[in-house]
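Engineer: First to last, the sequence lines map onto chains A and B. With the UniProt record's numbering applied, the first sequence corresponds to residues 1 to 258, in that order. With the UniProt record's numbering applied, the second sequence corresponds to residues 1 to 258, in that order. All C-beta atoms, glycine included, are put in the ideal place defined by N, C-alpha and C.
There are 2 protein chains.
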Amino acid sequence: MATGRNHRPATRSRGIPEATVARLPLYLRALTALSERSVPTVSSEELATAAGVNSAKLRKDFSYLGSYGTRGVGYDVEYLVYQISRELGLTQDWPVVIVGIGNLGAALANYGGFASRGFRVAALIDADPAMTGRQVAGMGVSHVDDLEQIIQANGVSIGVITTPGGAAQQVCDRLVAAGITSILNFAPTVLSVPEGVDVRKVDLSIELQILAFHEQRKAADELAAGRNGTPRVPAAVERRAGRAEDGPEGDIPAVMPA
Amino acid sequence: MATGRNHRPATRSRGIPEATVARLPLYLRALTALSERSVPTVSSEELATAAGVNSAKLRKDFSYLGSYGTRGVGYDVEYLVYQISRELGLTQDWPVVIVGIGNLGAALANYGGFASRGFRVAALIDADPAMTGRQVAGMGVSHVDDLEQIIQANGVSIGVITTPGGAAQQVCDRLVAAGITSILNFAPTVLSVPEGVDVRKVDLSIELQILAFHEQRKAADELAAGRNGTPRVPAAVERRAGRAEDGPEGDIPAVMPA
DNA sequence: CCATCTTTGTGCACGCGTTCACAAAGGCAT
DNA sequence: ATGCCTTTGTGAACGCGTGCACAAAGATGG
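#1: In the DSSP assignment, find the unbroken beta strand (DSSP E) run with B:Val123 in it and report its ends.
#2: Whole angstroms are fine: how far does the CA of B:Tyr111 sit from the CA of A:Gly100?
#3: Does the contact criterion of 3 or more C-beta pairs under 8 Å hold for the segment 174–190 of chain B versus the segment 116–135 of chain B?
#4: When the cut-off is 7 Å and only beta carbons count, does B:Val21 lie next to chain A?
#5: Going along the chain, which residues of its own chain have a beta-carbon closer than 8 Å to the beta-carbon of A:Leu65, five neighbours each way excluded?
#6: Of all the CB atoms in chain B, is at least one closer than 7 Å to the CB of A:Ser157?
#7: Please identify, using Cβ separations under 9 Å, the residues of the segment 204–218 of chain B that lie next to chain A, in order along the chain.
#8: Would you mind telling me which residues of chain B sit closer than 8 Å to A:Ala106, beta carbon to beta carbon, in chain order?
#9: Counting only C-beta atoms, is A:Phe119 closer than 7 Å to chain B at any point?
#10: Under 7 Å between beta-carbons, which chain B residues line up against A:Ser182? List them in chain order, please.
#11: Please list the terminal residues of the continuous beta strand (DSSP E) segment that includes B:Asn185.
#12: Could you pull out every residue in the same chain whose Cβ sits closer than 7 Å to the Cβ of B:Thr20, ignoring the five residues on either side in sequence?
#13: Who are the neighbours of A:Asp198 on chain B, taking C-beta pairs under 9 Å?
#14: The alpha helix (DSSP H) with B:Ile206 in it runs from where to where?
#15: Looking at the unbroken alpha helix (DSSP H) that takes in A:Gly166, where does it start and where does it end?
#16: To the nearest whole angstrom, what separates the beta carbons of A:Leu124 and A:Ile161, a pair I think is in contact under 8 Å?
#17: Going along the chain, which residues of its own chain have a beta-carbon closer than 7 Å to the beta-carbon of A:Thr163, five neighbours each way excluded?
#18: Which residues in chain B have a C-beta closer than 7 Å to the C-beta of A:Tyr27? List them in chain order.
#19: Taking the straight line between their C-alpha atoms, what separation do you get for A:Ala212 and A:Ala220?
#20: Can we say the segment 71–83 of chain B touches the segment 144–161 of chain B, given the rule of at least three CB pairs closer than 8 Å?
#21: Report the residue from B:Arg37, B:Gly52, B:Arg134 whose alpha carbon sits nearest the alpha carbon of B:Val77.
#22: Within the same chain, show all residues whose beta-carbon is closer than 6 Å to that of A:Glu18, passing over the 5 residues directly before and after it, in chain order.
#23: To the nearest angstrom, report how far apart B:Val237 and A:Gly166 are at their CA atoms.
#24: When you compare only the Cα positions, how much space is there between A:Leu191 and B:Ile151?
#25: Going along chain B, which residues have a C-beta under 9 Å from A:Asn110?
#26: Using DSSP's beta-bridge definition, name the partner residues of A:Arg29.
#27: Flag B:Leu88 as yes if its beta-carbon sits less than 7 Å from any beta-carbon of chain A, otherwise no.
#28: Could you spell out where the beta strand (DSSP E) holding A:Ile98 opens and where it closes?
See the structure below:
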């Protein structure tokens, strides 16, 4: 029916939409919290609130996994934790390597969230010989020369890049050549990888810039509105308006493309 | 026509789609690199490649900002850098506070990417009295008791939360009450904020879980395919298949919902 | 055993984002 | 000046994701 002529089943993984996959960890976290409080069952409404999403969306998401709920009752917390964990592949062990042990790399190595869910830091790798052998988060730092050997010896398939931007692509290439097929990139660089390799990107600078855009828009809105609607969060707006020393020159021309 | 009854124009900011806004920083970064190499103009095709996107998408994105290109030539690099910077609000100064100076908070404080684009760390804030006054990234750590005073004295409207999950909502509430209207949240918590406050979330654990999902699927695909297509990235697959000690029990039942 | 009430699972419609494909626009050489 | 060649800007179609609204399913009480 809806399947029609399916050119690229690669995007849709096993029929689970990407957007749903991205929310499963959120549900899992909420469910884990409920599990720790020994809550036996939960309704889609409650769980959706806890996860910060719409309940219809949550139900539709779960429907892709199967019919794991009981009508009139809700979902069994423990069972759902198991199902989602299995779907996400968290029932197995995922060794990861962190490449680039600067401030950020060290912080991630120390981060507890790693081990909590099947992920295990197999090695810390840095290019600086001065770092080699040093202890970070109770683990010795390896030299990047041993990258291939470490990856293959530990069966690592997930790599985390926390190098400076300039080194990221080079490190990425070596990781991929060594067999890594999933990369979490913290460097401010667009990585190019062969098909079949997944890259996810975490970029502080980009996130801040997106926030700045909306912040600017909010300020402009309030300025333009003047005494219009209820002034939300008035303190911040007042201050921002007062601080703008470049005057109302920057953004007034509403370049509405006709 | 398609607009119909438009309840919430809040989502679309000044006509620029959210997806486009999220890509502007990417373009800006690529353009800045070109600018440093003194490249005068760039075509949509080149720039798109550098930014890792489709050229048609890039042109459509730019079309929301106005007609800044010259047909037959391309875009003027310097001019475009200026226009995007202005659109993103980067021509003004954005003081930010970082709350929670643990490993991650300290790493972010040291991160150079902050200052590079109009963002300035105005204060580091922590709840631990033992941290107060300590120097991190050449800056004294303030106590959380002074949070409101710091925010108002510096006109801060962007806050970064790097506390443990348990403290995040509480810190968030205080930030919002003090006038913060944009929050970048690194804590593994769903923050609830009043309308008009933007929250963006960076979650290492979620990113890893998403990668694990795809990784698992890739492994399953290769196992199922057997000797089918060209075995991409064969080393990793072989190893993964060999390492799976739980046998083919976990994921074979294709629960294809009829 | 039946009625009622709760909650799931999903068909459907809508809107956003992406991509294609092409006409309009402008530079450049002759 | 004119024609060609490159590249932009965008109309239109398509597909994905979201949310509504409701019927089906099952629990619960009498």
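Structural biologist: Working from what's here:
#1: For this step, residue 123 of chain B is matched to residue 123 along the second sequence. Here the sequence assigns Ala to residue 123 of chain B, which means Val is not the residue at that position. Residue range 119–126 is occupied by the beta strand (DSSP E) that includes B:Ala123.
#2: Position 100 of the first sequence, counted from the start, is the residue given in the question as residue 100 of chain A. Position 111 of the second sequence, counted from the start, is the residue given in the question as residue 111 of chain B. C-alpha separation (whole angstroms): 14 Å.
#3: Cβ pair count under 8 Å is below three, so no.
#4: One-based indexing of the second sequence puts residue 21 of chain B at position 21. Interface flag for B:Val21 against chain A is set, since a Cβ pair is found closer than 7 Å.
#5: As a working note, residue 65 of chain A is residue 65 in the first sequence. Hits under 8 Å: Ile16, Gln83, Ile84, Glu87.
#6: For the purposes of this step, residue 157 of chain A is taken as residue 157 along the first sequence, with counting starting at 1. It does: the Cβ of A:Ser157 has a partner Cβ on chain B nearer than 7 Å.
#7: Those would be Leu204, Ser205, Ile206, Glu207, Leu208, Gln209, Ile210, Leu211, Ala212, Phe213, His214, Glu215, Gln216, Arg217, Lys218, in chain order.
#8: In the first sequence, the residue the question calls residue 106 of chain A occupies position 106. Within 8 Å Cβ-Cβ: Asn103, Ala107.
#9: Numbered from 1 along the first sequence, position 119 holds the residue referred to as residue 119 of chain A. Residue contact with chain B for A:Phe119: present (Cβ-Cβ distance below 7 Å to some residue of chain B).
#10: What you label residue 182 of chain A is simply residue 182 of the first sequence in a count that begins at 1. Those within 7 Å of A:Ser182 in chain B are Leu211, His214, Glu215.
#11: Stepping through the second sequence from its first residue, residue 185 of chain B is reached at position 185. Its beta strand (DSSP E) spans residues 182–185.
#12: Indexing the second sequence from 1 puts residue 20 of chain B at position 20. The residues Asp61, Tyr64, in chain order, have a CB closer than 7 Å to that of B:Thr20 in the same chain once the five nearest residues on each side in sequence are set aside.
#13: Position 198 of the first sequence, counting from 1, holds the residue named residue 198 of chain A. Within chain B, the residues near A:Asp198 are Ile210, Leu211, His214, Glu215, Lys218.
#14: The residue given as residue 206 of chain B occupies position 206 in the second sequence. Counted as a single uninterrupted DSSP element, the alpha helix (DSSP H) harbouring B:Ile206 occupies residues 204–225.
#15: Against the first sequence, residue 166 of chain A aligns to sequence position 166. Unbroken alpha helix (DSSP H) run through A:Gly166: 165–177.
#16: Position 124 of the first sequence, counting from 1, holds the residue named residue 124 of chain A. Position 161 of the first sequence, counting from 1, holds the residue named residue 161 of chain A. Between A:Ile161 and A:Leu124 the Cβ distance is about 12 Å, and since that is not below 8 Å, they are no contact.
#17: Indexing the first sequence from 1 puts residue 163 of chain A at position 163. A distance below 7 Å between beta-carbons, with the five flanking residues on each side excluded, links A:Thr163 to the following residues of its chain, in chain order: Val99, Gly100, Val171, Ala187.
#18: What you label residue 27 of chain A is simply residue 27 of the first sequence in a count that begins at 1. Against chain B, a Cβ distance below 7 Å from A:Tyr27 picks out nothing, because the smallest value is about 11 Å.
#19: Looking up residue 212 of chain A in the first sequence gives position 212. Looking up residue 220 of chain A in the first sequence gives position 220. C-alpha separation (whole angstroms): 12 Å.
#20: In short, these stretches do not touch, since the Cβ pair count stays below three.
#21: Counting from 1 along the second sequence, the entry for residue 77 of chain B is found at position 77. Checking every option, the nearest Cα to that of B:Val77 belongs to B:Arg37.
#22: Taking the first sequence and counting its residues from 1, the one referred to as residue 18 of chain A is at position 18. Contacts found: none.
#23: Your numbering for residue 237 of chain B matches position 237 in the second sequence. Your numbering for residue 166 of chain A matches position 166 in the first sequence. Legend: pLDDT at B:Val237 = 43, less than 50; position of this residue unreliable, value from coordinates given subsequently. So the alpha carbons of these two residues sit roughly 29 Å apart.
#24: Counted from its first residue, the first sequence places residue 191 of chain A at position 191. Counted from its first residue, the second sequence places residue 151 of chain B at position 151. Answer to the nearest angstrom: the Cα atoms are 37 Å apart.
#25: Residue mapping note: residue 110 of chain A aligns to position 110 of the first sequence, counting from 1. Correct list: Gly102, Asn103, Leu104.
#26: Mapped onto the first sequence, residue 29 of chain A falls at position 29. As far as DSSP is concerned, A:Arg29 takes part in no beta bridge.
#27: Reading the second sequence from its first residue, position 88 is the one you call residue 88 of chain B. Yes, contact with chain A.
#28: As a first step, residue 98 of chain A is located in the first sequence; it is residue number 98 there, counting from the start. First-last of the beta strand (DSSP E) with A:Ile98: 94–99.
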